[in-house]
Amino acid sequence: MHHMTLAEIARGLADKKFSSEELTKVLLARIAQLDPQLNSFISLTEELALSQAKAADVRRANGESGALLGAPIAHKDLFCTQGIRTSCGSKMLDNFKAPYDATVVAKLAAAGAVTLGKTNMDEFAMGSANESSYYGAVKNPWNLEHVPGGSSGGSAAAVAARLLPAATATDTGGSIRQPAAFTNLTGLKPTYGRVSRWGMIAYASSLDQGGPLARTAEDCAILLQGMAGFDPNDSTSIDEPVPDYSASLNGSLQGLRIGVPKEYFSAGLDPRIAELIHNSIKELEKLGAVIKPISLPNMQHAIPAYYVIAPAEASSNLSRFDGVRFGYRCENPENLIDLYKRSRGEGFGAEVQRRIMVGAYALSAGYYDAYYLKAQKIRRLVKNDFMAAFNEVDIILGPTTPNPAWKLGAKSSDPVAEYLEDVYTITANLAGLPGLSMPAGFVDGLPVGVQLLAPYFQEGRLLNVAHQYQLNTDWHTRTPTGF
Ligand code: GLN
Numbered sequence: 001m002h003h004m005t006l007a008e009i010a011r012g013l014a015d016k017k018f019s020s021e022e023l024t025k026v027l028l029a030r031i032a033q034l035d036p037q038l039n040s041f042i043s044l045t046e047e048l049a050l051s052q053a054k055a056a057d058v059r060r061a062n063g064e065s066g067a068l069l070g071a072p073i074a075h076k077d078l079f080c081t082q083g084i085r086t087s088c089g090s091k092m093l094d095n096f097k098a099p100y101d102a103t104v105v106a107k108l109a110a111a112g113a114v115t116l117g118k119t120n121m122d123e124f125a126m127g128s129a130n131e132s133s134y135y136g137a138v139k140n141p142w143n144l145e146h147v148p149g150g151s152s153g154g155s156a157a158a159v160a161a162r163l164l165p166a167a168t169a170t171d172t173g174g175s176i177r178q179p180a181a182f183t184n185l186t187g188l189k190p191t192y193g194r195v196s197r198w199g200m201i202a203y204a205s206s207l208d209q210g211g212p213l214a215r216t217a218e219d220c221a222i223l224l225q226g227m228a229g230f231d232p233n234d235s236t237s238i239d240e241p242v243p244d245y246s247a248s249l250n251g252s253l254q255g256l257r258i259g260v261p262k263e264y265f266s267a268g269l270d271p272r273i274a275e276l277i278h279n280s281i282k283e284l285e286k287l288g289a290v291i292k293p294i295s296l297p298n299m300q301h302a303i304p305a306y307y308v309i310a311p312a313e314a315s316s317n318l319s320r321f322d323g324v325r326f327g328y329r330c331e332n333p334e335n336l337i338d339l340y341k342r343s344r345g346e347g348f349g350a351e352v353q354r355r356i357m358v359g360a361y362a363l364s365a366g367y368y369d370a371y372y373l374k375a376q377k378i379r380r381l382v383k384n385d386f387m388a389a390f391n392e393v394d395i396i397l398g399p400t401t402p403n404p405a406w407k408l409g410a411k412s413s414d415p416v417a418e419y420l421e422d423v424y425t426i427t428a429n430l431a432g433l434p435g436l437s438m439p440a441g442f443v444d445g446l447p448v449g450v451q452l453l454a455p456y457f458q459e460g461r462l463l464n465v466a467h468q469y470q471l472n473t474d475w476h477t478r479t480p481t482g483f
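Now the structure itself:
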């Protein structure tokens, strides 16, 4: 039962082959048995799951249908869930029970999805390895000595290990696509503004975007359908109709123009990954796509720009965690300053503190023009590169990551080495574009992802290309040994 995709589950429930309650029990038992190896969950919500599953079964018995009605999922632990701990992977929020549901959580619950729990993540979504969580590192089910990617590593490890079919995640600089690549999943970061950020604990507000992590493009379409849409509570939510993503999957790729940026194949890319990316290009050519070499000349400036902008926004967003209003408060503060200092010093981990300091520095008088303003100008250049490229091509294709998943601990003492691993993913966030990672093969038994980028609001095009690719390849069906 645990091998089923969301699409298969929907068919099975509709055909009354099993009930949502039966499936939910099977998956909860599987999580109890296998998750101790992975540490992919921060909280389990068994009671909620069983009551949602029973309610979904009643709705189906009363004639309702819907691809998510009775489908088990989990939420990254930065989506607020009413009355349930919402920790953001931090000691700061270890005792925080959200007073309301995030829009994404509420929409998925209304569609009948069943919440099995809240998944582990890098503290405040800062990281590419899922090692900075207060609740401990997450392990990659493909090799337990390797990281699953971050910051949505818990959602990725759980779905890859077949503990559940799909999960929500967020992507500020790659945190959906990079863990998807590291664990052999399909993950989609939507256009900025497509999915509501209301009730999603903010890291860098102009970059953050929620999206689906699943095993197939078909399942990403189903989950995105339940997440996307205008939300008046989010001032950056965009009032555009949501297309039927599942209906877009079967378009022909004949004549599709795929741009391959020459900058992507530089010295930093593992040559074994380059070869797998070239194989995926050949596969898409067989389906009728036309390849065009393109250039994204400002890509080299994207990492330094991102690692100024994201910490700057984080330093502002995280100022609310002051020991007074939310979460952790230090013992016996001597005065107000001592309360602030020790609550923040004890409640935040090292990487979060580093980013708050970098961000506050970049925003301070005298440095603002040199760092923050300069980074914003680079951001515009990165966007302009994409706009020029999309005049020539329909999608852009390349590797999701320069290397496969590294060993636990290999980069944790060298933050810049970890930042460099985000080179292919952060440009989409700087420009606000949608991006998808899908399985493209293996290197030393570790999965490799190919990334597709599309113009604004062309999530359907990404899902179409990925689905056609997955109809003709079987990388996405591979299962990690032991799971
Ligand atoms: N690795 C990037 C960072 O640490 C991206 C994280 C994310 O997308 N949440 O900022």
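Just so we're aligned, residue 1 is where the sequence shown starts under full-length UniProt numbering, counting upward by one.
Virtual Cβ for every residue (Gly too), placed ideally from N, Cα, C.
Since this is a predicted model, take the numbers as computed values, not measurements.
Nearest-angstrom Cα separation, counted from residue j out to residue i
i: R194; j: S151; result: 20 Å
i: G210; j: T170; result: 4 Å
i: S133; j: L420; result: 20 Å
i: D219; j: I9; result: 10 Å
i: K341; j: G435; result: 39 Å
i: G255; j: L287; result: 9 Å
i: L253; j: A289; result: 6 Å
i: P99; j: F79; result: 12 Å
i: G359; j: R59; result: 49 Å
i: G449; j: P399; result: 6 Å
i: A49; j: S40; result: 17 Å
i: D94; j: K25; result: 27 Å
i: A388; j: G327; result: 46 Å
i: A161; j: W142; result: 8 Å
i: K17; j: L23; result: 10 Å
i: S19; j: V242; result: 29 Å
i: C330; j: K292; result: 58 Å
i: residue 485; j: I222; result: Outside the shown range of the chain (1 to 483) lies residue 485, about which nothing can therefore be said.
i: H278; j: R272; result: 10 Å
Residue i - DSSP class collapsed to helix/strand/coil
i: R162; result: coil
i: T481; result: coil
i: P212; result: strand
i: V450; result: strand
i: I42; result: strand
i: R59; result: helix
i: G460; result: helix
i: R257; result: strand
i: H2; result: coil
i: G187; result: strand
i: K17; result: coil
i: K282; result: helix
i: I337; result: helix
i: K54; result: helix
i: R329; result: coil
i: V443; result: strand
i: N143; result: strand
i: I176; result: coil
i: F321; result: coil
i: F230; result: coil
Residue i beta carbon near ligand 1 (any heavy atom closer than 8 Å)
i: Y367; result: no
i: N332; result: no
i: A310; result: yes
i: Q178; result: yes
i: N429; result: yes
i: residue 506; result: This structure cannot settle anything about residue 506, because the visible part of the chain is limited to 1 through 483.
i: A125; result: yes
i: E392; result: no
i: T400; result: no
i: Y419; result: yes
i: T172; result: yes
Own chain, CB closer than 8 Å to residue i, minus 5 neighbours either side, in chain order
i: K383; result: L430, A431 and G432
i: Y159; result: Checking the displayed sequence, the identity of residue 159 turns out to be Val instead of Tyr. Same-chain partners within the cutoff: P165, A166, A167, T183, L185, L213, A214 and R215.
i: G268; result: P402, L420 and V423
Beta-carbon proximity list for residue i, same chain, < 6 Å, skipping 5 on both sides
i: E397; result: Strictly speaking, residue 397 in this sequence is Leu, with Glu absent from that position. Result list for L397: I258, V260 and L452, in chain order.
i: I201; result: L78 and C88
i: A314; result: Y203, A204, R355 and G359
i: Y371; result: V308 and A362
i: F230; result: S237 and D239
i: L276; result: A440, G441 and V448
i: R461; result: A454
Other residues of its chain near residue i: CB distance less than 7 Å, five sequence neighbours each side excluded
i: R354; result: P415
i: Y367; result: Y361
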